[in-house]
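Undergrad: Pasting a structure here, questions to come.
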DNA sequence: TTAATGTCTTTTATCGTGAAAAAACAGTTT
DNA sequence: AAACTGTTTTTTCACGATAAAAGACATTAA
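Given below as structure tokens:
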């Protein structure tokens, strides 16, 4: 009777479970270390600890761990303020990519893989403990992930009981795009009303340039479009100056992120069309003509919705409980 | 330099900290027990365990604990299927109200009290550990609460660091009401399009009746309006058949819930006006005249926004960091 | 006297653990 | 057989503990 999202609880070993009580991974350090290595290439010496911290987005504590390791491995000579680069980093100086991920990222990826891998029908139960065991993490992290994830509208909690999967269905896509269209039309209108000296106009120019470059080299770089897409839409949404609108773009971005990874059919053609629509949209915004903006925005969103919809197979009308 | 929301970390004792490792409180049991006591009044005997479970919204395990205690305290005689009521419940049979609250409720109340008590300026840091200690709960519960609460747009997390209070400001209220107006206008339009045989029309009739009754007895029962308010707006929002719109009402409901508790100025007058607006709104919906609906909806939402705004003192332009 | 480094303290992130509650299974009664 | 009761297993919820990371304080160099 009961169906679980994480079924094949195949006794895959918990690869993380080394010792016990392994509190917290040091992925922040590892990731910052890797990024710091890339900085090394072009510099003869490194700046002060606080400056490095600001650059890498980490605390001084972490910066000092990085410097300590760099000294140990002979990358730099470190004496108080003097941090001289001794040699170029080799590929084996880097920590492996997979060790730099946040637990939240690991859990999300794992969860989404299961969700999109098929066999994840609406109404299924989600089992925290089972999910945690399969991914090899503690239950707390899974719980926190599910709570955070719930705002995407794909899962729902039954009061002091399990989570229920609502499914990545046609209905979901339609509800999502309905809101998206409301929000983006309003944001685009707000965008045109921004004063000429607002920095958004130069941001828009820059994005336009990048679109043109990508359009020219579309044959080889078509997969770089998704990042550009997000940047343009986020710029427009921000013009609304409304935190709920801005935050909602997280939902859209998440869905499209996985959608791009998943649906590779006619990717090049689709992206080529979308770039054209973006350029028209950008032109309209620059013209500040509300009518044109509205039309260009509607047109693009309509085709984006269509793309999303065609990638969702309509599930058989399953029995409701 | 740093300002914390939970400052007066006054050595108030942790009233909950009885022993140690007190895993989980049995508030589900206690609350269900109390509700079951009320059922006892009008019955000579109790139904089967599964039926009781469904009625109280708890599992059979909990039902059996309840029955066991009722037998112990001489409220019923229990032998297999026979659960005969022996006496009426006395007031000391009930568990104290405060023991029936969810941890989440306790934390929310405590947090909101601090937030609204003043001295909670935008930009303040929120300290999980301190908050947990003050409330007398574990850090995990506080973390989970903050994650859940973050969707209300009042707090924001700094990556691997603290939470920041964004403040219950005028800007917040304006952003909130902007979305509310978009969503409700759309929902109200969808409402009028619902077929005549949809159950919403009788729900609406019932609500209209309750509004009329309350209007008549407004002098004494004005504080019952907030519940009616939420029911009407939720009914309308549901017509959108869009989970994001429906879910967003949680944000509105939360804000208005605390707003009602907090701003008692001219409560009677305000509610009286609102009831009038609601009745006009309901009439408009029943007429299915889109123009009328739009006007009535706009009018009511405008005055609701005004009420909310006047209750928020504009904070001094504080220095940004 | 400003801004860095060196050191120490506090907070966050994550885990394992155990009680409460749910859910599954097995045995009875109608 | 269907629906209940009795029993056992599983899952959720909440805690304290601990390493990672942030942050504060003290000291030193420019």
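Residue numbers (our numbering), protein chains in the order written: chain A, 148 to 468; chain B, 148 to 468.
Glycine included, C-beta positions come from ideal geometry on N, C-alpha and C.
1) Show which residues of chain B have a CB atom less than 7 Å away from the CB atom of residue 285 of chain A.
2) How many Å lie between residue 212 of chain A and residue 381 of chain B at the Cα?
3) Using the beta-carbon count (16 or more within 10 Å), is residue 307 of chain A buried or exposed?
4) Taking 8 Å as the cut-off, does the stretch 391 to 405 of chain A touch the stretch 342 to 360 of chain A (at least 3 CB pairs, one atom from each stretch)?
5) Using a Cβ-Cβ cut-off of less than 9 Å, give me the residues of the stretch 317 to 347 of chain B that come near chain A, in sequence order.
6) Contact defined as beta carbons within less than 8 Å: I believe residue 379 of chain A pairs with residue 371 of chain A. What is the distance between those atoms, to the nearest angstrom?
7) Where do the N-terminal and C-terminal ends of the beta strand (DSSP E) with residue 303 of chain A fall, by residue?
8) Does any CB atom of chain A fall closer than 8 Å to the CB of residue 177 of chain B?
9) When burial is assigned at 16 or more other CB atoms within 10 Å of the CB, is residue 291 of chain B buried or exposed?
10) Have a look at residue 453 of chain A and residue 368 of chain B and give me their C-alpha separation to the nearest angstrom.
11) Any heavy atom of the ligand GDP closer than 7 Å to the CB of residue 411 of chain B?
12) Using C-beta distances below 7 Å, list every residue in its chain close to residue 155 of chain A, excluding the 5 sequence neighbours before and after it, in chain order.
13) Nearest-angstrom Cα distance between residue 339 of chain B and residue 248 of chain A?
14) Please go through the same chain and pick out, in chain order, the residues whose beta-carbon is closer than 8 Å to the beta-carbon of residue 206 of chain A, but skip the five residues on each side of it.
15) With a threshold of 16 other CB atoms inside 10 Å of the CB of residue 457 of chain B, please say whether the residue is buried or exposed.
16) So, are the CB atoms of residue 267 of chain B and residue 260 of chain B less than 8 Å apart?
17) Give the straight-line distance between the Cα atoms of residue 265 of chain A and residue 459 of chain A, rounded to the nearest whole angstrom.
18) Using the three-state DSSP reduction, which class does residue 153 of chain A fall into: helix, strand or coil?
19) Tell me residue 312 of chain A's beta-bridge partners as DSSP assigns them.
20) For a contact defined as C-beta to C-beta under 8 Å, what are the partners of residue 291 of chain A on chain B?
21) Roughly how far, in whole angstroms, is the beta-carbon of residue 432 of chain B from the beta-carbon of residue 440 of chain B, given that I think they are within contact range, below 8 Å?
22) Give a yes or no on whether the minimum CB-CB distance between residue 389 of chain B and chain A is below 8 Å.
23) Below 8 Å CB to CB, which residues in the same chain sit around residue 179 of chain A once its five sequence neighbours on both sides are set aside?
24) Would you call the CB atoms of residue 383 of chain B and residue 334 of chain B closer than 8 Å?
25) Does the stretch 386 to 394 of chain B come close enough to the stretch 434 to 448 of chain B to have 3 or more Cβ pairs within less than 8 Å?
26) Residues in its own chain within less than 6 Å of residue 430 of chain A by CB, not counting five upstream and five downstream?
27) Compare the beta carbon distance of residue 134 of chain A and residue 317 of chain A with 8 Å and say whether it is the shorter of the two.
28) For residue 441 of chain A, which residues in chain B fall below 9 Å Cβ to Cβ?
29) Counting only beta-carbon separations shorter than 8 Å, does residue 274 of chain A have a partner in chain B?
30) Determine whether the Cβ of residue 300 of chain B lies closer than 8 Å to any Cβ atom of chain A.
31) If we count Cβ pairs, one from each stretch, closer than 8 Å, do we get three or more for the stretch 276 to 290 of chain A versus the stretch 215 to 225 of chain A?
32) Whose C-alpha, out of A/445, A/444, A/192, is nearest the C-alpha of residue 469 of chain A?
33) Work out the CA separation of residue 230 of chain B and residue 455 of chain A for me, nearest whole Å.
34) So residue 300 of chain A and residue 319 of chain A are in contact, right, with Cβ under 8 Å, and what is the actual spacing, rounded?
35) With a cut-off of 8 Å, does the C-beta of residue 307 of chain B fall near any C-beta of chain A?
36) May I ask you to list, following chain order, the residues of the stretch 391 to 414 of chain A that have a beta carbon less than 9 Å from some beta carbon of chain B?
TA: Checking against the coordinates, here is how it stands:
1) Going along chain B, no residue has its Cβ under 7 Å from residue 285 of chain A, so there is no contact; the nearest lies around 11 Å.
2) 53 Å
3) exposed
4) no
5) 318, 319, 321, 322, 323, 325, 326, 329, 330, 333
6) The pair is not a contact, with the Cβ atoms about 13 Å apart (cut-off 8 Å).
7) 302 to 304
8) no
9) buried
10) 52 Å
11) No copy of the ligand GDP occurs in the structure displayed, which carries no ligand at all.
12) Reliability fails at residue 155 of chain A, whose pLDDT of 29 lies under 50, so the model's placement of it is uncertain and no value is given.
13) 50 Å
14) 200
15) exposed
16) no
17) 11 Å
18) Confidence at residue 153 of chain A is low in this model, with a pLDDT of 45, below 50, so its placement is unreliable and no value can be given for it.
19) A/302
20) 290, 291, 294
21) 6 Å
22) yes
23) 203, 204, 205, 209, 210, 213
24) yes
25) no
26) none
27) No statement about residue 134 of chain A is possible, as the shown extent of chain A runs from 148 to 468 and does not include it.
28) Within 9 Å Cβ-Cβ: nothing; residue 441 of chain A doesn't reach chain B, min ~16 Å.
29) no
30) yes
31) no
32) A question about residue 469 of chain A goes unanswered here, because the residues of chain A that appear run from 148 up to 468.
33) 57 Å
34) 7 Å
35) yes
36) 391, 392, 394, 395, 398
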